[in-house]
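For the protein sequence lines, the chains are U and C, in the order given. Mapping to this note's numbering: the first sequence position 326 is 327, numbers consecutive. Mapping to this note's numbering: the second sequence position 160 is 177, numbers consecutive. Quick reminder that beta carbons are idealized off the backbone N, C-alpha and C, glycines included. These notes are about the structure you will find just below.
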Amino acid sequence: MAIPENKLAFDGGWNYAPAPESTDHIVVKKRYGLFINGDFRAPEKGRYFDTLNPANEEKLSRVAMASQADVDKAVKAARKAYTGPWSRMKAKERGKYIFRIARMIQERAREFAVIESLDGGKPIRESRDVDVPLAAAHFFYYAGWADKLEYAFPGRKAKALGVAGQVIPWNFPLLMASWKIAPALACGNTVVLKPAETTPLTALKLAEVIADAGLPDGVVNIVTGAGDTGAAIVTHPGVDKVAFTGSTNVGRIIQKALAGTNKKYTLELGGKAANIIFADAAIDQAVEGIVNGIFFNQGHVCCAGSRLLVQESVADEVIEKLKDRMETLIVGDPLDKNTDIGAINSRMQLEKIESYLKIGQSEGGEMHQSSCSLPKSGYWCRPTIFTGVSQSSRVVQEEIFGPVLAIQTFRTYDEALTKANNTPYGLSGGVWTDKGSKIFKMTQGIRAGVIWANTFNKFDPTSPFGGYKESGMGREGGLHGLGAYVKLEA
Amino acid sequence: MSLTAVKTPNRMPDLGRVAAVDEVGVDERVARFQSRSIKKASKVEALKMVLGMIDLTTLEGQDTPGKVRQLCQKAIHLHDAMPGLPHVAAICVYPTMVGIAKEALQGHDINIASVATAFPSGMSSREVKLDETRMAVAAGATEIDMVISRGAFLAGQYAHVFDEIVAVKEAGGDARLKVILETGELGTLDRVRCASVLAMHAGADFIKTSTGKIQPAATMQVTLVMLQAIKDYYRETGRMVGMKPAGGISNAKLAVHYLVMLRETLGAAWMTPEWFRFGASSLANDALMQLMKQSTGVYQSADYFSKD
Chain U
2 MAIPENKLAF DGGWNYAPAP ESTDHIVVKK RYGLFINGDF RAPEKGRYFD
52 TLNPANEEKL SRVAMASQAD VDKAVKAARK AYTGPWSRMK AKERGKYIFR
102 IARMIQERAR EFAVIESLDG GKPIRESRDV DVPLAAAHFF YYAGWADKLE
152 YAFPGRKAKA LGVAGQVIPW NFPLLMASWK IAPALACGNT VVLKPAETTP
202 LTALKLAEVI ADAGLPDGVV NIVTGAGDTG AAIVTHPGVD KVAFTGSTNV
252 GRIIQKALAG TNKKYTLELG GKAANIIFAD AAIDQAVEGI VNGIFFNQGH
302 VCCAGSRLLV QESVADEVIE KLKDRMETLI VGDPLDKNTD IGAINSRMQL
352 EKIESYLKIG QSEGGEMHQS SCSLPKSGYW CRPTIFTGVS QSSRVVQEEI
402 FGPVLAIQTF RTYDEALTKA NNTPYGLSGG VWTDKGSKIF KMTQGIRAGV
452 IWANTFNKFD PTSPFGGYKE SGMGREGGLH GLGAYVKLEA
Chain C
18 MSLTAVKTPN RMPDLGRVAA VDEVGVDERV ARFQSRSIKK ASKVEALKMV
68 LGMIDLTTLE GQDTPGKVRQ LCQKAIHLHD AMPGLPHVAA ICVYPTMVGI
118 AKEALQGHDI NIASVATAFP SGMSSREVKL DETRMAVAAG ATEIDMVISR
168 GAFLAGQYAH VFDEIVAVKE AGGDARLKVI LETGELGTLD RVRCASVLAM
218 HAGADFIKTS TGKIQPAATM QVTLVMLQAI KDYYRETGRM VGMKPAGGIS
268 NAKLAVHYLV MLRETLGAAW MTPEWFRFGA SSLANDALMQ LMKQSTGVYQ
318 SADYFSKD
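Structure, rendered in structure tokens:
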């Protein structure tokens with residue numbers, strides 16, 4: 002269909018007044034220590050680092066920098082809790098603690114949501130409607146498994162591993178902590194977890210919840226810090242299992258470090274998912290799916306649909322509609338309830354995204370951004386699409402981790418499949434068509450851990466998540482997620 | 018064969034090319050509109066906009082000339098205790114009441130919409146429908162709200178429905194034509210989209226969800242699909258078509274969410290009574306009550322607003 006010039010205008014006229022979520026009820030301490038053996042304590046070397054609000058670059062708090070000595074203590078506390086109360090406790094009792102954490106997250110949902118948006122820059126609509134409810138759901142789900150492991154692994158005996166060392170990223174801070182902690186506890190392990198250095202606050206709030214829930218001391222330890230702290234946890238001889246979510250580069254380093262050790266590990270790494278739109282798809286809903294796939298959480302999503310493959314006969318229509326839709330996306334204050342796209346998580350990440358915008362243009366791609374204005378301070382990136390790019394373009398090959406979509410067209414089913422799979426990653430994918438048969442044919446061909454049909458970025462604690470190829474090893478979530486935290490005996 | 022083919026003004030569209038609709042996706046999009054938080058100045062502006070877009074409606078067998086006059090009075094004077102309010106866009110009545118409305122609205126810039134074409138079922142002959150349309154226009158109707166023949170549409174007789182709309186449009190002359198799809202009887206959103214495309218190509222000036230006599234009447238889901246059809250039609254032809262959700266929109270908050278949907282789907286150009294209407298009877302008073310609450314900080318009793 003040829004698209005004539007009849008453009009729509011989305012600016013001017015009636016606008017939405019600011020609707021900021023209140024921060025009155027939020028308590029963020031000036032300084033946070035390390036949560037080791039049941040309470041907060043100062044770091045051995047007395048070093049702290051700032052955590053900023055990426056929407057205005059103001060300091061929110063100072064957070065302890067854990068050294069090797071602190072990690073030693075945390076692992077020791079976790080070991081003691083493991084051999085002591087936690088592994089001896091009846092599974093049903095363990096489950097009760099996990100249920101309690103889930104309920105307390107729900108009770109403090111608003112506080113968690115606001116702090117998540119303050120510290121990480123994501124829109125309050127997402128932290129309130131996605132991150133926090135899903136975090137609670139993960140605890141609820143795994144709490145239920147705690148005393149039913151014999152049904153999860155019929156005919157075999159599931160035994161806890163011991164101390165789990167967990168390192169999580171900054172894109173879904175509380176949710177990733179929940180993904181990691183809940184199954185570990187349900188299987189009877191104890192935990193040393195490090196949140197990302199730019200987003201430590203909700204993990205520290207979770208530590209408060211865990212303390213209030215009365216978990217035995219040392220069952221969960223939360224140590225803050227940067228890459229060195231993470232390395233100290235991963236390589237610590239007292240850690241029996243490593244769970245990491247983050248970049249493929251760090252994942253490689255971890256895998257090398259763990260080679261030859263007896264540690265179990267799961268790695269959830271990068272992605273460059275293809276979102277494939279066939280001509281017979283429900284186009285208006287597919288456009289929503291594209292938006293949700295790449296602009297959700299500013300594109301800081303490892304399973305983001307960052308490559309759009311659209312069948313050529315509808316490509317012009319889809320791109321025009323996508324541009325219209327981008328004009329209606331509200332970029333700004335993460336705490337405003339109407340904000341669709343918040344702040345980029347850190348200056349470093351913003352610089353990385355901006356470098357890719359330059360690369361994309363220098364490679365000959367045509368860049369289009371929405372016309373929205375951006376706040377004066379803070380880290381921001383307009384929703385962006387690239388057309389005229391190809392499989393050899395770096396913006397098509399590499400994970401940008403920002404609100405940047407690379408668009409290519411295809412003619413045949415085989416071409417779509419070839420392009421979709423021609424990537425070192427394999428975390429997720431999307432297929433949009435009105436034909437059920439096409440969905441099954443396509444999804445069987447795509448080599449990715451999660452594939453959505455006529456939707457995108459849907460998560461549920463009962464569903465396993467993980468990647469092929471350089472997107473990682475092992476699965477988290479669902480029944481599969483339990484397997485990563487047990488050893489099975491006959 | 019002549020090379021200068023005669024271009025007919027209304028060509029039957031290729032319904033095989035109408036885009037599919039995914040109901041789950043529509044629900045999700047609607048939920049997003051409803052999560053928009055409309056406060057303070059933008060709420061006041063929206064409520065006033067809602068009032069100005071209302072087709073104040075009475076379509077009962079027991080309507081009397083007195084009731085119609087009273088409604089016309091309300092159309093002009095929504096709530097004189099509050100200065101600066103707009104008047105409603107139109108009065109919507111049965112054909113026999115058009116003359117009375119015309120007299121009552123003399124000298125005011127308020128449209129008179131008349132339902133026609135054997136409203137609400139549409140179960141009559143083409144001749145009767147066209148006569149009724151002519152009669153309403155002759156009596157002073159400036160807008161005609163017709164119903165499509167759902168039986169024919171559901172039976173796949175699209176050409177029949179198409180021709181009928183073309184004929185009613187012609188019979189109505191200068192009156193703006195609103196085509197009621199009665200979406201509550203169409204069953205699927207795919208059919209809603211199809212009927213929208215058909216009506217627009219046949220010359221509809223507005224497409225309208227419902228008669229108000231069938232449940233469900235207007236929903237945000239159905240309205241979104243129709244707005245998206247309007248958007249595609251506009252892109253294709255350059256002609257703007259209006260939208261009128263009718264029935265079931267009785268509270269102001271819901272009406273404001275419709276405006277959010279309109280703004281984010283069709284943009285600023287459609288945000289006027291010329292291109293968007295609410296078919297409603299009790300919506301006006303709820304919007305008035307909300308407006309008073311915005312200015313005084315408290316809700317007043319319903320008895321402070323005239324019930325008509």
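Nearest to residue i (by Cα), restricted to the options the options
i, options, result
"Leu489/U", "Ala161/U, Val131/U and Leu9/U", "Ala161/U"
"Lys153/C", "Met306/C, Ala234/C and Ala188/C", "It should be pointed out that residue 153/C corresponds to Ala in this sequence rather than to Lys. Selected option, being the one with the closest Cα: Ala188/C."
"Gly265/C", "Gly259/C, Leu68/C, Leu300/C and Met243/C", "Leu300/C"
"Arg126/U", "Gly343/U, Gly484/U and Gln370/U", "Gly343/U"
"Glu58/U", "Ile408/U, Trp180/U, Tyr380/U and Leu428/U", "Tyr380/U"
"Arg42/U", "Ile223/U, Ala187/U, Phe411/U and Arg111/U", "Ile223/U"
"Asp148/C", "Ala158/C, Val183/C and Thr134/C", "Thr134/C"
"Asn172/U", "Asp120/U, Ala153/U and Ala137/U", "Asp120/U"
"Pro290/C", "Gly33/C, Ala263/C and Gly259/C", "Gly259/C"
"Val192/U", "Gly166/U, Thr444/U, Thr385/U and Leu406/U", "Gly166/U"
"Gly204/C", "Ser54/C, Pro100/C, Ala234/C and Gln123/C", "Ala234/C"
"Cys89/C", "Ala219/C, Gln79/C and Leu73/C", "Leu73/C"
Beta-carbon neighbours of residue i, restricted to chain U and to distances below 7 Å
i, result
"Lys324/C", "None at all; the shortest Cβ gap to chain U is about 29 Å."
"Asp39/C", "Ala283, Gln286 and Asn455"
"Gln245/C", "Asp285"
"Lys56/C", "Ala18 and Ala20"
"Val43/C", "Gln286"
Burial state of residue i (16 or more Cβ within 10 Å)
i, result
"Ala204/U", "buried"
"Tyr316/C", "exposed"
"Ala36/C", "buried"
"Phe297/U", "buried"
"Asp191/C", "exposed"
"Asp39/C", "buried"
"Leu216/U", "buried"
"Phe441/U", "exposed"
"Asp285/U", "buried"
Check: residue i C-beta below 7 Å from any heavy atom of the ligand FAD
i, result
"Tyr175/C", "The ligand FAD is not part of this structure, which contains no ligands at all."
Cross-chain neighbours of residue i in chain U, by beta carbon under 9 Å
i, result
"Met288/C", "Gly14 and Trp15"
"Leu198/C", "Neighbours of Leu198/C on chain U: none; closest Cβ ~18 Å, over 9 Å."
"Arg46/C", "Asp285, Gln286 and Glu289"
Contact list for residue i against chain C, beta-carbon separation under 8 Å
i, result
"Ala344/U", "Neighbours of Ala344/U on chain C: none; closest Cβ ~19 Å, over 8 Å."
Length of the line joining the Cα atoms of residue i and residue j
i, j, result
"Leu150/U", "Gly231/U", "30 Å"
"Asp180/C", "Ser141/C", "15 Å"
"Lys25/U", "Met257/C", "Looking at the sequence provided, one finds Asp at residue 25/U rather than Lys. Those two C-alpha atoms are separated by around 47 Å."
"Phe11/U", "Leu330/U", "10 Å"
"Gly156/U", "Ala491/U", "7 Å"
"Val145/C", "Arg208/C", "27 Å"
"Trp15/U", "Ala287/U", "27 Å"
"Lys359/U", "Gly366/U", "10 Å"
"Leu20/C", "Glu318/U", "Unreliable placement is indicated for Leu20/C, whose pLDDT of 47 sits below 50; the coordinate value is still reported in the next sentence. Using only the alpha carbons, I get a separation of about 31 Å."
"Ile108/C", "Lys324/C", "15 Å"
"Tyr321/C", "Thr313/C", "14 Å"
"Val115/C", "Phe293/C", "22 Å"
"Gly255/C", "Asn7/U", "6 Å"
"Val23/C", "Ala221/C", "Only weak support is given to the placement of Val23/C: the predicted model assigns it a pLDDT of 45, under 50, and the question is left unresolved by the model."
"Ala114/U", "Val29/U", "13 Å"
"Gly96/U", "Phe50/C", "39 Å"
Within chain U, the residues that residue i reaches when beta carbons sit closer than 8 Å
i, result
"Tyr251/C", "Asn7 and Leu9"
"Leu283/C", "Leu9"
"Ser59/C", "Trp15, Asn16, Tyr17 and Ala18"
Within chain C, the residues that residue i reaches when beta carbons sit closer than 7 Å
i, result
"Thr329/U", "Glu281"
"Arg126/U", "Ser52"
"Asp317/U", "What Asp317/U touches in chain C: nothing, since even the nearest Cβ is about 11 Å away."
Ignoring anything shorter than 3 residues or poking outside the region 249-308 of chain C, list the beta strand (DSSP E) runs there in chain order.
-> 259-261 and 295-297
Complete runs of the alpha helix (DSSP H) confined to the region 379-431 of chain U [at least 4 residues] | 395-398 and 414-422
Enumerated in chain order, which unbroken segments of the alpha helix (DSSP H) with a length of 4 residues or greater are wholly contained in the region 8-52 of chain U?
-> none
Quick one: which unbroken beta strand (DSSP E) runs of 3-plus residues sit fully inside the region 435-491 of chain U? Chain order, please.
-> 451-454 and 487-490
3 or more residues per run - each beta strand (DSSP E) lying fully within the region 128-210 of chain U | 158-161, 164-168 and 191-195
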